[in-house]
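In what follows, a structure is listed as structure tokens, so that the remarks can point back to it.
Number of protein chains: 2
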Amino acid sequence: QKRAPSYSNRGMTLEDDLNETNKYYLTNQIAVIHKKPTPVQIVNVHYPKRSAAVIKEAYFKQSSTTDYNGIYKGRYIDFEAKETKNKTSFPLQNFHDHQIEHMKQVKAQDGICFVIISAFDQVYFLEADKLFYFWDRKEKNGRKSIRKDELEETAYPISLGYAPRIDYISIIEQLYFSPSSGAKG
Amino acid sequence: QKRAPSYSNRGMTLEDDLNETNKYYLTNQIAVIHKKPTPVQIVNVHYPKRSAAVIKEAYFKQSSTTDYNGIYKGRYIDFEAKETKNKTSFPLQNFHDHQIEHMKQVKAQDGICFVIISAFDQVYFLEADKLFYFWDRKEKNGRKSIRKDELEETAYPISLGYAPRIDYISIIEQLYFSPSSGAKG
Ligand SMILES: [Mg+2]
Ligand SMILES: [Mg+2]
Numbered sequence: 001q002k003r004a005p006s007y008s009n010r011g012m013t014l015e016d017d018l019n020e021t022n023k024y025y026l027t028n029q030i031a032v033i034h035k036k037p038t039p040v041q042i043v044n045v046h047y048p049k050r051s052a053a054v055i056k057e058a059y060f061k062q063s064s065t066t067d068y069n070g071i072y073k074g075r076y077i078d079f080e081a082k083e084t085k086n087k088t089s090f091p092l093q094n095f096h097d098h099q100i101e102h103m104k105q106v107k108a109q110d111g112i113c114f115v116i117i118s119a120f121d122q123v124y125f126l127e128a129d130k131l132f133y134f135w136d137r138k139e140k141n142g143r144k145s146i147r148k149d150e151l152e153e154t155a156y157p158i159s160l161g162y163a164p165r166i167d168y169i170s171i172i173e174q175l176y177f178s179p180s181s182g183a184k185g
Numbered sequence: 186q187k188r189a190p191s192y193s194n195r196g197m198t199l200e201d202d203l204n205e206t207n208k209y210y211l212t213n214q215i216a217v218i219h220k221k222p223t224p225v226q227i228v229n230v231h232y233p234k235r236s237a238a239v240i241k242e243a244y245f246k247q248s249s250t251t252d253y254n255g256i257y258k259g260r261y262i263d264f265e266a267k268e269t270k271n272k273t274s275f276p277l278q279n280f281h282d283h284q285i286e287h288m289k290q291v292k293a294q295d296g297i298c299f300v301i302i303s304a305f306d307q308v309y310f311l312e313a314d315k316l317f318y319f320w321d322r323k324e325k326n327g328r329k330s331i332r333k334d335e336l337e338e339t340a341y342p343i344s345l346g347y348a349p350r351i352d353y354i355s356i357i358e359q360l361y362f363s364p365s366s367g368a369k370g
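Protein chains in written order, with our numbering: chain A, 1 to 185; chain B, 186 to 370.
The following block contains the structure:
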């Protein structure tokens, strides 16, 4: 039986596809959303004459926030993107404490906050509140992952397209801007 | 005659003060605003056994956005911080095209967008729309800077304090959230 072309088989990373999606939103004046630069601790820089400064020693730092943020119709948008090759569950160790803390702070300011998860040959939109539920369960010595069926039940599948590739704004539009909007579960 | 302690004489950078200010807002659950990491083009990374990856060659990249963004009461906040030691005017070459373009995109999505300028022994809050006026004048072969008296007329002075040091949220509150809110000039 022929399967629909899945995200994980296309040889591109989730980040590539999200960057293309954000470029589409920007060009078409739909939303202004950017990936933040990778945080780097710079230790040593050379300044050669007549050419650009060269960073000679630096280290990757853990980010204190999520990877993507921006604006859609006046509302603040904030999300993290995560992938797993795991077949049966999504491991919560993909997140670190600071990211969850940041997402809670964003929700407290009434931001639109979520995770885009690539797992089980599907891309999902999981609202931050749902993530907090699974995270808090883990913190109370519960399971350290989200089971496949739990994710299917609480998250929204995002259909993949050509342009935009991962149309997460259409989910935001339905959840937060439609007259009949209301969250899942 | 004794002068009031001025920002430029305190031996701290504008960025330091803004980072402290943002930390204060975060801790006191007033707003969630972060400085974006410096964008770096990573060329060469070593992965030594048993220790952290070392970036051996990298270059500074021009940012395609502004330095600070985040959320206050649900609204998207976006700004750039600039300093000048110039005594009579603020040079517009402090901005590059991409930053202005980004700020226009943010305004088109109904974001709260501005510049914090440290100049003439004062810190100013200049709304993006006012900046665009001066920028467009330059583009039409007008003057390449904002005169001191022009800045005084179009921008809001921010009083400096201990905590928060540069209370720009109080200006945003007056301009965008007060019943009698309305922009200057
Ligand atoms: Mg990430
Ligand atoms: Mg800057």
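We treat Cβ as the ideally placed atom computed from N, Cα and C, and that holds for glycine. The model shown is predicted, which means the values in this text are computed figures rather than measured ones.
Exposure of Gly-74 of chain A, with buried meaning 16 or more beta-carbon neighbours within 10 Å: With fewer than 16 other Cβ atoms within 10 Å, it is exposed.
Alpha-carbon to alpha-carbon, Pro-342 of chain B and Leu-336 of chain B: For Leu-336 of chain B and Pro-342 of chain B, the distance between alpha carbons rounds to 10 Å.
Rounded distance between the beta-carbons of Ile-171 of chain A and Phe-125 of chain A, thought under 8 Å: Contact holds; Cβ gap of about 5 Å.
Assigned secondary structure, Ser-236 of chain B (DSSP; H/G/I helix, E/B strand, else coil): In the three-state scheme derived from DSSP, where H, G and I count as helix and E and B as strand, Ser-236 of chain B is classed as coil.
Coarse secondary structure for Asn-69 of chain A, derived from DSSP in three states: Correct three-state label for Asn-69 of chain A: strand.
Beta bridge counterpart(s) of Ile-356 of chain B as assigned by DSSP: None, per the DSSP bridge assignment.
Identity of the residues DSSP links to Gln-247 of chain B by a beta bridge: The secondary-structure analysis by DSSP pairs Gln-247 of chain B with nothing; it has no beta-bridge partner.
Inter-residue spacing [alpha-carbon to alpha-carbon] between Tyr-261 of chain B and Met-103 of chain A: If you draw a straight line from the Cα of Tyr-261 of chain B to the Cα of Met-103 of chain A, it comes to about 15 Å.
Cβ separation of Val-106 of chain A and Asp-67 of chain A, assumed to be a contact under 8 Å, to the nearest whole Å: In this structure, Val-106 of chain A and Asp-67 of chain A do not form a Cβ contact; the two beta carbons are roughly 13 Å apart against a cut-off of 8 Å.
Rounded C-alpha distance that separates Tyr-244 of chain B from Ser-145 of chain A: About 38 Å.
Interface partners of Ala-52 of chain A on chain B, CB under 9 Å: Contact annotation for Ala-52 of chain A against chain B: Tyr-244, Phe-245 [CB-CB distance below 9 Å, chain order].
C-alpha distance - Phe-319 of chain B paired with Cys-113 of chain A, whole-angstrom precision: When rounded, the distance between both Cα atoms is 36 Å.
Listed by chain order, chain B residues near Ala-31 of chain A by CB distance under 9 Å: Those are Gln-294, listed as they occur along chain B.
Cut-off 7 Å between Cβ atoms - residues of its own chain near Ile-169 of chain A, not counting five sequence neighbours on either side: Counting only residues of its own chain and dropping the five nearest sequence neighbours on each side, Ile-169 of chain A has a CB closer than 7 Å to the CB of Tyr-25, Ile-30, Ala-31, Tyr-72.
Amino acids of chain B, ordered along the chain, whose beta-carbon sits closer than 9 Å to that of Thr-88 of chain A: By Cβ distance, chain B contributes nothing, its closest Cβ being about 30 Å from Thr-88 of chain A, past 9 Å.
Contact between the stretch 230 to 246 of chain B and the stretch 86 to 94 of chain A (3+ Cβ pairs under 8 Å): No, because fewer than three Cβ pairs between the stretch 230 to 246 of chain B and the stretch 86 to 94 of chain A fall closer than 8 Å, the two stretches do not touch.
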